[in-house]
Amino acid sequence: MSEQSREGDVIHGTVTGDVSGQVAIGKGISQSQTTVTSSGVTESELNELIGAIDGIRARIAAEAPPELQGAALERVNELQQAVAEEKPDLTTMEYVRNWFAKNVPALAGAVTGVIVNPIVGKLVEAAGETLTQEFRRRFPSE
107 MSEQSREGDV
117 IHGTVTGDVS
127 GQVAIGKGIS
137 QSQTTVTSSG
147 VTESELNELI
157 GAIDGIRARI
167 AAEAPPELQG
177 AALERVNELQ
187 QAVAEEKPDL
197 TTMEYVRNWF
207 AKNVPALAGA
217 VTGVIVNPIV
227 GKLVEAAGET
237 LTQEFRRRFP
247 SE
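Just remember that my numbering sits 106 ahead of the position in the sequence shown, which is counted from 1.
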């Protein structure tokens, strides 16, 4: 349902209900878009999560021993892929966390921070109760 009113040269519109697709009301329309995935995570939240992962990549270049940087970057790429799957891959997330704890402990906290990020929690919850319970078992909140 949409309604519009005109006040001078300004047109106001309100859209309510279950809407799918684009809606445009009036003239001189400027577009603003927020994408929400089926998990309830917004595009902005996904960008925030990617930014946190990119932050780890930057820290690897600055803090990880040169001989481990390539392997560390591979683990971070695996983490990003594991988080982004329709059903997040908890086994890979756990492996990456453990790899950093063993090989580059200075960055283990940052990796764990991404894994327990509330945005990852939303992605896991969207995959179902069983996965959510397993996530909580593997990554208990401290």
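All residues carry an ideal CB built from backbone N, CA and C; glycine is no exception.
Going by the CB atoms, is the gap between residue j and residue i shorter than 8 Å?
i	j	result
residue 156	residue 182	no
residue 225	residue 149	no
residue 169	residue 213	yes
residue 188	residue 199	yes
residue 221	residue 243	no
residue 158	residue 223	yes
residue 237	residue 193	yes
residue 233	residue 146	no
residue 196	residue 241	yes
Rounded to the nearest angstrom, how far is the Cβ of residue i from that of residue j, given a contact under 8 Å?
i	j	result
residue 162	residue 217	6 Å
Let me know the alpha helix (DSSP H) ranges lying completely inside the stretch 156 to 196, each 4 residues or longer, listed in chain order. Runs found: 172 to 190.
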